[in-house]
Amino acid sequence: MLIKKMLPLLLPVLLGGTILFAQPTGGYRDKIDAILKEALIKDVYAGSVLVLKNNNTLYEKSIGAADIEKNILNTGVTTFSIGSITKLFTKTVILQLIEEKKLDFQEKIIDLLPGFTDPLCKQITVEQLLEHTSGLGDYADSGTWEDASEEINSVTGLLLLIQKEKLLFAPGTSVKYSNSGYAVLAALIEKITGKLLGDAYQNMIFGKLKMGHSAFGYFNKNMDGKAIGYLTNFIGPKRNNLHFKMMGAGDGGIYSSTTDMCKFAHSIMSDNILLADGSKLKLFNSPVFQVHYASWDECKQKGRLSIAGGAPGVSAVLAMNMEKNYCFVVLSNYDEGSAETIAQGISAALNDKAILPLPLPPSRFIYGLIKEKGAENFVANYKKELQAAGIQLEDDMVLLSVGETLLEEKNAEAALALYTVYTKEFPNIIVAWNDMGDAWLLKGDKANAKKCFEQALKLRPANEKAKRALKDLQ
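In terms of the numbering used here, the sequence shown opens at residue 450 and continues consecutively.
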């Protein structure tokens, strides 16, 4: 699943083989309850959890609000965006088409969907798209997504954009997780089935398994029964994700409940309603997973598959353990990997291992750090403090949120400390220099404010904010 504007893409995290399950001890329910209680107190997770063994419920609970404004709580039938776990469903449909002899692993995609411009694309096979070895990357990084996305309203429209991409490597020579590749598979599904992608999912998966709380939507719409996604890496009231254009086309876009997700997992683990055993092995074996199984018999004995998806306001984890016959689902309408964090805690509880405290989102941690230890400490020790908390400044949005809050509070010292680090780590971000200028003005230092606005104007000569500020200073 990819997004347009404002926030960086939160790429899905594949956890192949990392969530392990053992026979739970008698107190595991209390331990999981304690994890969810902590999550509720810290406000770091909202969603639904379901753990099954032998298709029987071991643990089930929902916390938090599906809609904060309307005070609608999450329940076991609330549907959540599952992000890139959608790819597992897309792969299942493609494998069904291959079983039905309507498609072949080695077919060249250019013969099925002509129009790719990179000459290397003529080598791409269906199997390479499935296994992330096609050389395609992520359509949001194509350079034309920002301008084109407003006009893209279908799988076909997205395909036309992807067909202009230049491959990252020759097909079959490397592995690169690819949202574009799965969007191409979505277009292939529509062409072969003659149905829209959502209808194909319904006919080939949801309907067969009676997944009555699952659906597909191209965009992030406020659908009945669906939890609204909330951005948690901000200070203050939660912001929903409804203003983002999230494109789901094989790489994302499915909404589901914990019960429905476990129906899907149970079918993969226990029956052949969706796929034959050989095809199911393909779901467990992939170049992007660390663990591989020689046969379905081996997979039945010790197979494990865990996969996560995420985007603004979205976090989800689905895990299967064939050895213990567990299915494990955590769905969340908070982002920042909240479902993954809860899943790790639940896994520790089930395995009778130490359960780590739940971390705060980076912006809330930084805000608290400045408030508790002071501005000078933050400037001097921010790298050490962030490293100890496991936080990496991969983009500037975290600092932007904290800075805006400190400016609103008119806390000049704290804001200057924040923007000193901000402009050091991200020297080409114009808003950081503009905001630092405002921080200096709060302190009454016009000379330093002028320097900041001049730097912002240097980075972007058409910057109206800096122009107005410098005019006022004159």
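Ideal Cβ positions, reconstructed from N, Cα and C, are used throughout, including at glycine.
Exposure label - residue 473; buried when at least 16 CB within 10 Å: Translated into the one-based positions of the sequence shown, residue 473 becomes position 24. Reliability of the predicted coordinates at residue 473 is poor, the pLDDT of 41 falling under 50, and no value is obtained from them.
In DSSP terms, what residue 627 is bridged to: Locating residue 627 in the sequence shown gives position 178, where the first residue counts as 1. DSSP output for residue 627 lists no bridge partner at all.
Three-state secondary structure assigned by DSSP to residue 722: Residue mapping note: residue 722 aligns to position 273 of the sequence shown, counting from 1. DSSP places residue 722 in coil when its eight states are reduced to three.
Assigned exposure category for residue 541 - 16 Cβ within 10 Å defines buried: Mapped onto the sequence shown, residue 541 falls at position 92. By the neighbour-count rule (16 or more Cβ atoms within 10 Å), residue 541 is buried.
Exposure of residue 497, with buried meaning 16 or more beta-carbon neighbours within 10 Å: By 1-based counting over the sequence shown, the position of residue 497 is 48. By the 10 Å Cβ count, residue 497 comes out buried.
Residue 760 versus 529, 549, 508 and 485, residue with shortest Cα-Cα distance: Looking up residue 760 in the sequence shown gives position 311. For residue 760, the nearest C-alpha among the options comes from 529.
Unbroken stretches of the alpha helix (DSSP H), 4 residues or longer, contained in the region 550-596: 558-561 and 575-579
Endpoints, the beta strand (DSSP E) within which residue 878 is located: Counting from 1 along the sequence shown, the entry for residue 878 is found at position 429. Taken as a continuous stretch (DSSP letters only), residue 878 belongs to no beta strand (DSSP E), as it is neither H nor E.
Buried or exposed (CB count within 10 angstroms, at least 16 for buried), residue 581: For the purposes of this step, residue 581 is taken as the residue at position 132 of the sequence shown. It counts as buried.
Assumed close pair residue 488, residue 521 - CB separation to whole angstroms, cut-off 8 Å: For the purposes of this step, residue 488 is taken as residue 39 along the sequence shown, with counting starting at 1. For the purposes of this step, residue 521 is taken as residue 72 along the sequence shown, with counting starting at 1. At roughly 19 Å, the Cβ-Cβ gap does not stay under 8 Å, so residue 488 and residue 521 are not in contact.
Exposure of residue 506, with buried meaning 16 or more beta-carbon neighbours within 10 Å: Sequence index remark: in the sequence shown, residue 506 carries index 57 (1-based). Flag for residue 506 reads exposed.
Close beta carbons around residue 501, own chain, < 6 Å, minus the five adjacent residues each side: Translated into positions along the sequence shown, residue 501 becomes position 52. The answer, listed in chain order, is 711 and 776.
Contact set for residue 470: own chain, Cβ-Cβ below 6 Å, skip 5 residues either direction: Within the sequence shown, residue 470 is the residue found at index 21, counting from 1. Only weak support exists for where residue 470 lies, its pLDDT of 40 falling under 50; the value from the coordinates is given anyway. Cβ within range, chain order: 770, 773, 775 and 799.
Distance between residue 902 and residue 736 (C-alpha atoms, nearest Å): The count along the sequence shown starts at 1 and reaches residue 736 at position 287. The count along the sequence shown starts at 1 and reaches residue 902 at position 453. C-alpha separation (whole angstroms): 49 Å.
Pair within 8 Å by beta-carbon distance, residue 700 and residue 632: Here the question's residue 700 lines up with position 251 in the sequence shown. Here the question's residue 632 lines up with position 183 in the sequence shown. Going by C-beta atoms, residue 700 is nearer than 8 Å to residue 632.
Limits of the unbroken alpha helix (DSSP H) element including residue 830: Residue 830 sits at position 381 when you count from the first residue of the sequence shown. Residue 830 -> alpha helix (DSSP H) spans 824-837.
Check whether residue 703 and residue 516 have beta carbons under 8 Å apart: Taking the first residue of the sequence shown as position 1, residue 703 is located at position 254. Taking the first residue of the sequence shown as position 1, residue 516 is located at position 67. No, they are not a contact pair.
Coarse secondary structure for residue 775, derived from DSSP in three states: Taking the first residue of the sequence shown as position 1, residue 775 is located at position 326. Strand at residue 775.
Residue 527 classed as buried or exposed, judged by whether at least 16 other C-beta atoms fall within 10 angstroms: For this step, residue 527 is matched to residue 78 along the sequence shown. Buried, since its Cβ has 16 or more Cβ neighbours within 10 Å.
Contact check, residue 575 vs residue 556, beta carbons under 8 Å: The residue you call residue 575 lines up with position 126 of the sequence shown. The residue you call residue 556 lines up with position 107 of the sequence shown. Result yes, Cβ atoms of residue 575 and residue 556 sit closer than 8 Å.
Straight-line Cα distance separating residue 866 from residue 811: Translated into the one-based positions of the sequence shown, residue 811 becomes position 362. Translated into the one-based positions of the sequence shown, residue 866 becomes position 417. Each residue's Cα considered, the two are about 16 Å apart.
Candidates 573, 874 and 912: closest to residue 623 by CA position: Taking the sequence shown and counting its residues from 1, one reaches residue 623 at position 174. Answer by Cα proximity: 573.
Residue 524, buried or exposed, once every other Cβ within 10 Å from all chains shown has been counted against 16: Looking up residue 524 in the sequence shown gives position 75. By the neighbour-count rule (16 or more Cβ atoms within 10 Å), residue 524 is not buried but exposed.
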